[in-house]
Amino acid sequence: MTAAAAEIAGARPHAGVGSHAGVGSAGMWTFLATDAMGFGGLFIAYGWLRVRATAWPDPRSRLELAPAAAMTLALLASSFTMTLAARASARGRRVGWLLATLVLGIGFLAGAVSEDVHLAARMGFSSDLYASTFYALTGFHGLHVLAGVVALASMLRPSGSVRAVEVTALYWHFVDLAWMPIFTFLYLLPAR
Amino acid sequence: MSAGVPTEPVAAGASPLPPFLALAGLTAAELGIALAGGDRAVRIAALVGLLAVKATVVLTLFMRAQSGRRAARLTVVALAAAVGFAVVLMLEAAFRARVS
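Order-wise, the sequence lines are chains A and B. Count along the first sequence starting at 1, add 204, and that's the number in this note's numbering. Count along the second sequence starting at 1, add 593, and that's the number in this note's numbering.
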């Protein structure tokens, strides 16, 4: 069994690998708790505006579902590769999985920018409430992905610690998690 | 370190492949429901249900939020409260649209 296959199959290199225990992990969880409230505030604003609006456009009349689905799958796959990167980190072989995660994250960002460029021609930030909430939520999330990509790039240094990769993995999974309600509410939920 | 931060990883050796495949399958199911016709309230309920399952998979199998960290629990509560509130508002709107 190759090292990569062993990581996918869940072989355990030694006790403690994958552990989020420690100061860095506790600090990251605390940060994620506050950050989740930021996302929560935006979701509440979105829900409130949607309910109060006299008319709300159907997402499929404005957004293309196929690119958004591809972006979603890229983020899901990046969570998978990030988990493997955290495990491989203890063996000193994290670079391959980190690079895969980095490429998927950059792919997601490229998809988001491409979508915004195409949308900008017919839907500006202040066109209507749907447009404003769409750009606010996806923009806020995109900034998180960008921060994650920068963090991942910094992890490629050979001097990076195992703990740092584990904490970054926690952040990256959160970025994946935060995208899920955005995808459901903004892209999939049918209008009235 | 504070209490609530475990010293033993939970399911550290479990393969991340099954959760990933499950998430991909659930996303495909979401797309199928979104593209399918039918009653709007039923589709909304199904989409929200799938969202909840996906979020649970990421929180428990990737982030291991169930392992006793207080901050992790706070994150879950904050996310669940915000999403739950939005869902209630939308279901209420869907109900209004049906009766009016």
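Even for Gly, the Cβ is constructed at its ideal location relative to N, Cα and C. It should be emphasised that the depicted structure is a prediction, and the values quoted were computed from it without experimental measurement.
The beta carbon of Val680 of chain B sits closer than 7 Å to the beta carbons of Val641 from its chain, once the five residues preceding and following it are set aside; these are given in chain order. At a C-beta separation below 7 Å, Thr653 of chain B has no neighbours in chain A, since its nearest C-beta there lies roughly 11 Å away. Apart from sequence neighbours up to five positions away, the residues of its chain that approach Thr285 of chain A with a beta-carbon distance below 6 Å are Trp301, Ala304, Thr305, ordered along the chain. Taking CB atoms only, Ala622 of chain B has no neighbour in chain A less than 8 Å away.
Interface with chain A (8 Å Cβ-Cβ cutoff): Thr668 of chain B is included. In the structure shown, the three-state DSSP call for Met286 of chain A is helix.
Shown here, Trp252 of chain A sits in a helix according to DSSP, grouped into three states.
By the beta-carbon neighbour count (other beta carbons within 10 angstroms, threshold 16), Pro611 of chain B is exposed. Here Arg254 of chain A really is in contact with Ala686 of chain B; their C-beta atoms are around 7 Å apart, less than 8 Å. Membership of Val371 of chain A in the alpha helix (DSSP H) is indicated by the continuous run 366-386.
By the C-beta density criterion, Ser293 of chain A is buried, having at least 16 other C-beta atoms within 10 angstroms. Take the alpha-carbon of Phe389 of chain A and the one of Leu350 of chain A: they are about 22 Å apart. A straight-line Cα-Cα distance of about 19 Å links Arg666 of chain B and Glu370 of chain A. For the 8 Å CB-CB criterion, Leu280 of chain A and Thr620 of chain B form a contact. Judged by pairs of C-beta atoms under 8 Å, the region 351-358 of chain A does not touch the region 264-272 of chain A, as fewer than three such pairs exist. In the three-state DSSP reduction, Thr258 of chain A falls in the coil class, being neither helix nor strand. Contact between Met359 of chain A and Thr372 of chain A holds: CB atoms are separated by about 6 Å, below the 8 Å threshold. Take Leu308 of chain A, set aside five residues on each side of it, and the residues of its chain with a beta-carbon closer than 6 Å to its own are Ala278, Ala281, Ser282, in chain order. With respect to the C-alpha of His377 of chain A, the residue from B:Val670, B:Lys647, B:Val676 having the closest C-alpha is B:Lys647. By the Cβ-count criterion, Phe312 of chain A is buried, with 16 or more other Cβ atoms from all chains shown falling within 10 Å of its own Cβ. Straight across, the Cα-Cα distance linking Arg291 of chain A with Val676 of chain B is about 31 Å.
Chain A places no beta carbon closer than 8 Å to that of Ala639 of chain B, leaving this residue out of the contacts. Excluding sequence positions up to five before and after Trp260 of chain A, its CB lies within less than 6 Å of the CB of Arg254, Ala395, all in the same chain and listed in chain order. In chain order, Phe247, Pro385 make up the part of chain A whose C-beta sits under 7 Å from the C-beta of Val676 of chain B. By the neighbour-count definition (other C-beta atoms within 10 Å, threshold 16), Pro362 of chain A is an exposed residue.
For Ala607 of chain B, the CB contacts under 8 Å within the same chain, skipping 5 residues up- and downstream, are Leu654 in chain order. With a contact defined as Cβ atoms closer than 8 Å, Leu236 of chain A and Phe344 of chain A miss out at about 14 Å. As the crow flies, the alpha-carbon of Tyr391 of chain A is around 15 Å from that of Met327 of chain A. Straight-line measurement puts the Cα of Ala240 of chain A at about 18 Å from the Cα of Gly228 of chain A.
Buried is the label assigned to Gly244 of chain A, since at least 16 other Cβ atoms lie within 10 Å of its Cβ. Here Phe387 of chain A is buried. Its C-beta has 16 or more other C-beta atoms within 10 Å.
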